[in-house]
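What follows is a set of notes on a single structure, which appears directly below.
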Amino acid sequence: MSPDSKDAAPPSSGHGAGLPSDWVLRWSQAWRDREGATALDLACGSGRHLRLLAGDGVAVTGVDRDAAALAALAGLSRRVELIEADIEQGPWPFEGRRFDVVIVTNYLWRPLLPRVVEAVAPGGWLIYETFTDGQQTVGRPARPEFLLRPGELLDAVAGLRVIAYEDGFLEPDAPSAIVNGRYVQRVAAVRPNPAATAAAPGAPAGVYPRYRLR
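Read left to right, the sequence shown gives residues 1 to 214 (our numbering).
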């Protein structure tokens, strides 16, 4: 079920509206360190992250089933691709496509988790943040299908290199948090790229990317 259902988080939680997620901003090295980066903003809503990426010159694809939200993004940039699709009921629109950055915030549809991970290109990043168990004690969403189980994101990204993972409570004064705070689980993970980390001829060790933690 989509995050715009009646039990999903209210607009003030930041899904597709308002300022970019602090988690997404923290990992902006995912695209700012990469010339010609491509990105997928899944369930992009009104485009808070799509606008951020487009402003940084990224070729970004946004997908959502909300035609009105997508219409408001039309003409934003020639490097923006907008796809209206119900990714829960219809076919996956990115078969065979890979992206340097995949961003998902405040959205959970468990059958799609393998597809989301698969969409990350070698050397690319998955930046994922959504509600976790405990959120039902402070507000919406409250139904189990919208809430990650403890450690579930870690299981979902098996095969990727986890750079950072958090599972806990954001206080109300945290950026983009709702008035009562919120329980979130979030991960930043990279698909290994053997070609990039192969040892150079004559070198004693491989080339190791520097994933900056702050």
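Quick reminder that beta carbons are idealized off the backbone N, C-alpha and C, glycines included.
Asked, Found
"Best match in D100, Y208 and T130 for proximity to L108 [C-alpha to C-alpha]", "T130"
"Residue interval of the alpha helix (DSSP H) (run including L220)", "The structure shown does not extend to residue 220, since the chain is modelled only from 1 through 214, so no value can be given for it."
"Residues sharing a beta bridge with R161, DSSP", "V190"
"contact_flag[the stretch 177–196, the stretch 118–134] where n(CB pairs < 8 Å) is 3 or more", "yes"
"Completely contained alpha helix (DSSP H) runs for the stretch 67–100, where each covers 4 or more residues", "67–71"
"Enclosing alpha helix (DSSP H) for A156 [first to last residue]", "E152 to A156"
"Sub-8 Å separation of V138 and G181 beta-carbons", "yes"
"8 Å contact criterion, which L42 and V63 should meet: CB distance rounded", "6 Å"
"Selection from E81, T105 and N106 that minimises the alpha carbon distance to F94", "E81"
"A156 burial status per 10 Å Cβ neighbour count (16 or more: buried)", "buried"
"DSSP three-state assignment for D64, whether helix, strand or coil", "strand"
"Assigned secondary structure, G55 (DSSP; H/G/I helix, E/B strand, else coil)", "helix"
"Residue interval of the alpha helix (DSSP H) (run including L40)", "Looking at the DSSP string, L40 is not in any alpha helix (DSSP H); the run it does join, the beta strand (DSSP E), is T38 to L42."
"For V184 and I170, the rounded distance between their alpha carbons", "The amino acid occupying residue 170 in the given sequence is Leu; Ile does not appear at that position. Distance between the alpha carbons of L170 and V184 is about 7 Å."
"Beta-carbon gap between T61 and I83 smaller than 8 Å", "yes"
"Beta carbon of D133 nearer than 8 Å to that of P111", "no"
"Burial state of R51, where buried means 16 or more other Cβ atoms lie within 10 Å", "buried"
"Residue of A85, W31, D167 and F146 minimising C-alpha distance to G57", "W31"
"Beta-carbon proximity of V117 to L147, cut-off 8 Å", "no"
"Close beta carbons around Q136, own chain, < 6 Å, minus the five adjacent residues each side", "A142"
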